[in-house]
Amino acid sequence: VQLQASGGGLVQAGGSLRLSCAASESIFGIDVMGWYRQAPGKQRELVALITSGGRTNYADSAKGRFTISRDNAKNTVNLQMNSLKPEETSVYYCYARKTILAQQYEYWGQGTQVTVSS
């Protein structure tokens, strides 16, 4: 599975951005998709995940401000981010997990930079 992330950019604190992750194949067969982020000098951390059944999981910091969704027709996963904070400046990575013959495989996109100015 190849993942292409887009939608990053520069936004002022309190602003919004929408990230999109396009998969190279139908996402019906992908168990979990979502987003992680990594700031300079920090570990990669979960932002939000969504399962093939539509269940979502958010980092505590994202709850109430971020919304993850799947567009099965376009094979994309989107992350709407509102009320962004300067400390959320990071590279955001698209993620997918797929089960093939009882083995789980993980895939990562190339990352998209999100910069939130104060």
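In the working numbering, the protein residues as written are 1 to 118. Virtual Cβ for every residue (Gly too), placed ideally from N, Cα, C.
Buried versus exposed, by CB contacts within 10 Å (16 or more), residue i
i: S120; result: Examination of residue 120 is not possible in this model, given that the chain is present from 1 through 118 alone.
i: A48; result: buried
i: E88; result: buried
i: F66; result: buried
i: L3; result: buried
i: R37; result: buried
Simplified DSSP assignment, three categories, for residue i
i: I68; result: strand
i: G109; result: coil
i: I27; result: helix
Through-space distance from residue j to residue i, alpha-carbon basis
i: M81; j: Q103; result: 32 Å
i: G34; j: I68; result: 8 Å
i: L46; j: S26; result: 23 Å
i: N78; j: R18; result: 7 Å
i: K42; j: Y92; result: 13 Å
i: R70; j: G9; result: 21 Å
i: G14; j: N72; result: 30 Å
Contact check, residue i vs residue j, beta carbons under 9 Å
i: L84; j: S16; result: yes
i: V119; j: Y105; result: Because residue 119 is not part of the residues shown, which for the chain are 1 to 118, the question remains open.
i: A22; j: I30; result: no
Heavy atom of the ligand ADP within 8 Å of residue i beta-carbon
i: L49; result: Ligands are entirely absent from the displayed structure, and the ligand ADP is therefore not among its contents.
Any contact of the region 50-70 with the region 106-113, i.e. 3+ C-beta pairs under 8 Å?
-> no
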